[in-house]
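Participant: Residue numbers (the UniProt record's numbering): 1 to 312.
1. Please check the pair residue 140 and residue 133, which I expect to be a contact at CB under 8 Å, by giving their CB distance rounded to whole angstroms.
2. Could you name each continuous beta strand (DSSP E) segment of 3 residues or more that falls completely within the segment 114-147, going from the start of the chain to the end?
3. Taking the C-alpha atoms as reference points, what is the distance between residue 18 and residue 209?
4. Could you tell me the alpha carbon to alpha carbon distance between residue 176 and residue 254, rounded to whole angstroms?
5. Which residue or residues does DSSP assign as beta-bridge partners of residue 48?
6. Look up residue 36 in the DSSP assignment and say whether it is helix, strand or coil.
7. Comparing alpha-carbon positions, which option in 189, 147, 121 lies nearest residue 153?
8. Taking the alpha carbon of residue 24 as the reference point, which residue from 213, 34, 38, 56 has its own alpha carbon closest?
9. With a threshold of 16 other CB atoms inside 10 Å of the CB of residue 96, please say whether the residue is buried or exposed.
10. For residue 45, is the beta carbon positioned less than 6 Å from some heavy atom of the ligand MG?
11. Can you look up residue 28 in the DSSP assignment and give me helix, strand or coil?
12. What three-state label does DSSP hand residue 104 in the structure shown?
13. Just verifying my parser: in three-state terms, what is the DSSP assignment at residue 174?
14. Scan the segment 184-249 and note each continuous alpha helix (DSSP H) run of 4 residues or more that stays entirely inside, going in chain order.
15. Is DSSP giving residue 152 helix, strand or coil here?
16. Could you check if residue 118 is buried or exposed, using at least 16 other CB atoms within 10 Å of its CB as the buried criterion?
17. If you measure between the beta carbons of residue 314 and residue 165, is that distance less than 7 Å?
18. Determine the extent of the alpha helix (DSSP H) in which residue 90 is found, giving its start and end residues.
19. Quick one: what's residue 169 bridged to in DSSP?
20. How far does the alpha helix (DSSP H) with residue 63 in it extend, from its first residue to its last?
21. From the DSSP output, in three-state form, read off residue 15 for me.
22. 7 Å is my cut-off, CB to CB: does residue 102 come that close to chain D?
23. Taking 6 Å as the limit between beta carbons, can you name the residues of its chain near residue 75, skipping five residues before and five after?
24. Could you tell me the distance, in whole angstroms, from the CA atom of residue 26 to the CA atom of residue 216?
25. With DSSP as the reference, label residue 164 as helix, strand or coil.
26. Buried or exposed, going by whether 16 or more other CB atoms sit within 10 Å of the CB of residue 90?
27. Could you check whether residue 12 and residue 251 sit closer than 7 Å to each other, using their CB atoms as the reference points?
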């Protein structure tokens with residue numbers, strides 16, 4: 001059985017790597033992914049946000065990696081880029097539009113929470129889509145929170161203030177970063193800038209700067225609700241070579257990203273350890289294809305998924 005699992009992982013990892021050759025063609029020749037059945041929606045929702053290239057083999061690989069891990073939630077792949085705008089990097093330059101899209105996605109989150117109260121919601125984004133996650137969290141109305149968010153190689157400046165976004169998180173906000181992502185998040189963001197208009201090495205490469213201990217509340221927010229996951233060479237076994245694109249490989253996502261999405265249902269009266277802003281306190285007090293068959297050893301049930309350990 002272990003040999004079958006190794007062969008299956010090799011097949012999926014190699015397939016996702018070869019699929020990167022089709023990335024310049026966007027969504028052309030890609031199958032339709034549909035993981036939003038009523039049964040899945042009843043359990044929870046994961047919104048996957050592509051990079052500035054839009055729908056492509058990269059984000060398809062993220063979705064497939066989540067389904068490989070047998071995540072029981074609905075998975076929605078949402079393209080936020082401006083349709084027909086070329087080159088894609090210009091999506092990083094329209095700061096106002098990014099905020100508008102973030103507000104729309106925040107409304108989408110609220111609509112889901114009203115329709116399925118108490119269900120977990122997670123965001124997973126890559127590159128520009130990862131950067132957009134912080135804006136979505138900031139646009140959520142007072143009293144609304146998400147369970148967890150994973151930023152894979154985010155195109156944001158390392159000094160970007162995460163505190164407003166962290167106040168909207170019940171679990172953690174993760175930054176999956178790599179020093180080896182030097183071309184896109186080093187040279188690229190130095191020349192064309194990040195979503196927050198920083199020109200230089202991005203946080204998806206060198207990580208975010210932590211606030212000083214003297215900034216008590218912000219320091220505590222970062223300590224309790226933020227974690228940076230650094231690239232390690234042992235991740236080569238997960239088909240992540242350290243670069244910008246291999247961080248979306250479905251095997252890496254299955255083994256390293258999916259375990260971070262833990263089910264956590266809010267209950268009335270729950271309050272985070274770190275207090276939110278004064279305004280929030282006042283507001284809250286007043287108010288594709290069918291998933292392909294897998295070998296038996298990879299068919300984890302929901303209980304196994306909920307108990308998977310996160311990566312260190």
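No residue lacks a Cβ here, since even glycine has one placed at the ideal position from N, Cα and C.
Facilitator: Reading it off the structure:
1. Their Cβ separation, rounded to whole angstroms, is 11 Å, which puts residue 140 and residue 133 out of contact at 8 Å.
2. 121-126
3. 35 Å
4. 14 Å
5. 77, 124, per the DSSP bridge assignment.
6. coil
7. 189
8. 56
9. Residue 96 should be labelled exposed.
10. Only the bare structure without any ligand can be found here, which leaves the ligand MG out of the picture.
11. coil
12. helix
13. strand
14. 189-192, 203-206, 216-225
15. strand
16. exposed
17. Outside the modelled stretch of the chain, which goes from 1 to 312, sits residue 314, for which no answer is possible.
18. From DSSP, residue 90 is part of no alpha helix (DSSP H); its letter is neither H nor E.
19. 146.
20. 57-68
21. helix
22. Structure shown: chain D not included; a single protein chain is present.
23. 35, 46, 63, 66
24. So the alpha carbons of these two residues sit roughly 45 Å apart.
25. helix
26. exposed
27. yes
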